[in-house]
Amino acid sequence: MGTSKEAAIIGAGAWGKVFASLMVQAGTKVSVWARNSRSFQGLDSSCFASTDLHRVLTGQSVLVMALPSAAVRQVASRLALPKDVTVVSLSKGLEAETNLFMADVLADALRIDRSQVVVVSGPNLSAEIAEGQPAGAVAACSDLARAQQVCPLFSTPLFRPYLSTDVIGAEVGGVVKNVIAVAVGAAAGMGYQTNTRSMLITRGLAEMARFGKALGADEATFLGLAGVGDLVATCSSAKSRNFTFGFNMGSGMAREQAFKVSAGVVEGARSAKAVITIARARGIEMPITEAVAKVVFEGGSIADMGEYLMGRSRKMDGVDIKLV
């Protein structure tokens, strides 16, 4: 596989625009597509931007998917790409209809091998990266050489990608952390402070590790940037849409209004249902995720969520992660 310093980005949301800026800083020629030209506001002026897919896709060997998870298949199925294209996935979520992770959705919709998908995940709050604050991420691909070749396209002095072959682990971390952030935000909205939030984050990491292990992930991934790193960032910042959505509900806002005022897609609320469906089917214990799903989709109350979590039978502490 050969990778030129040229890429197309599909999606111009907050993260897509910031990632485009990173690529420009790394010396990559970037073309960006979005459905609506208003999305290009704030995009790096060095990028070519168009709402016409044919003008954006000009045979680039690297495609970056920066869409909400619900839109990935619909848009990807329209794309005509080179046979050996490398697809960088920035989308974090599960497809509602199939419960598939984004790497699988992309491989299916684009009719490519899963080894051609590089998942980028980590503690990447787009507003902070846009401000020039240092950050890192994991670039996970089952084909390590492919990940190594694509990383220079978005590696800068202030954005450092690390390599991994654990695609499942990177995707699990990127999905489950959003669900846990809704719970942590709800606790914050109810007025609970550091102890409560720390408990939820730590037990959320345990849920992430159990879920990932059951799906075949490398447990060590959850001690890295795509696991605890992304979890802490998303659960600790008011810049996180998932945290803010939970905070608003914890403060007494109705679910529909909390969705309405969210500045973008709340992937944690969307993913909770898919995650808990998989967990129930496989017998994976995920009480925080269960509580979020009950509140968001089954009419449960925030107060009931707290009582449910604090009233469970006693368990051994610790996260089941073994390092060699």
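Take -16 as the starting number for the sequence shown in the working numbering and just add one per residue. Cβ atoms here follow ideal geometry from the backbone N, Cα and C, with glycine treated the same way. The structure presented is a predicted model; accordingly, all values stated were derived computationally and were not measured.
Determine whether the beta carbon atoms of residue i and residue j lie at a separation below 7 Å.
{"i": "A166", "j": "L183", "result": "yes"}
{"i": "E250", "j": "N107", "result": "no"}
{"i": "V121", "j": "L208", "result": "yes"}
{"i": "I261", "j": "A276", "result": "no"}
{"i": "E190", "j": "I271", "result": "yes"}
{"i": "A171", "j": "F230", "result": "yes"}
{"i": "A169", "j": "G233", "result": "yes"}
What do you get for residue i, buried or exposed, if any count of 16 or more other CB atoms within 10 angstroms of its CB means buried?
{"i": "A110", "result": "exposed"}
{"i": "T177", "result": "exposed"}
{"i": "A246", "result": "exposed"}
{"i": "S104", "result": "buried"}
{"i": "F228", "result": "buried"}
{"i": "S22", "result": "buried"}
Out of curiosity, what's the CA-to-CA distance linking residue i and residue j?
{"i": "A(-10)", "j": "L46", "result": "6 Å"}
{"i": "K75", "j": "D35", "result": "25 Å"}
{"i": "A17", "j": "R297", "result": "50 Å"}
{"i": "Y145", "j": "A63", "result": "29 Å"}
{"i": "R186", "j": "Q131", "result": "33 Å"}
{"i": "L306", "j": "T179", "result": "Bear in mind that the predicted position of L306 carries a pLDDT of just 43, short of 50, making it unreliable; the figure below should be weighed with that in mind. Taking the straight line joining both Cα atoms gives about 28 Å."}
{"i": "R97", "j": "G212", "result": "25 Å"}
{"i": "V133", "j": "T69", "result": "8 Å"}
{"i": "F2", "j": "K12", "result": "12 Å"}
{"i": "K0", "j": "M299", "result": "44 Å"}
{"i": "V102", "j": "S147", "result": "9 Å"}
{"i": "K(-12)", "j": "G10", "result": "7 Å"}
{"i": "K256", "j": "I(-7)", "result": "26 Å"}
{"i": "D287", "j": "M236", "result": "16 Å"}
{"i": "I285", "j": "R61", "result": "41 Å"}
{"i": "R263", "j": "E273", "result": "9 Å"}
{"i": "N19", "j": "P117", "result": "30 Å"}
Using a Cβ-Cβ distance cut-off of 7 Å, determine whether residue i contacts chain D.
{"i": "S22", "result": "No chain D appears in this structure, which consists of one protein chain only."}
Compare the C-alpha of residue i against each of the options and name the closest.
{"i": "L50", "options": "A(-5), S98, L77, E114", "result": "A(-5)"}
{"i": "E80", "options": "E273, Q240, T272, S254", "result": "S254"}
{"i": "Q57", "options": "F31, V88, V71", "result": "V88"}
{"i": "L127", "options": "V100, R21, G289", "result": "V100"}
{"i": "A54", "options": "F84, S245, S14", "result": "F84"}
{"i": "E114", "options": "G156, K222, A264", "result": "K222"}
{"i": "S125", "options": "G294, Q240, V71", "result": "V71"}
{"i": "M269", "options": "S284, E281, Y291, G283", "result": "Y291"}
{"i": "A90", "options": "A59, N82, P65, G119", "result": "A59"}
{"i": "T217", "options": "G156, L5, D27, S4", "result": "G156"}
### Task
Kindly confirm or deny that the stretch 151 to 159 and the stretch 183 to 200 touch, where touching means at least three C-beta pairs closer than 8 Å.
Enough Cβ pairs lie closer than 8 Å, so yes.
#### Entry: the stretch 201 to 217 touching the stretch 132 to 141, judged by at least three CB pairs closer than 8 Å
no
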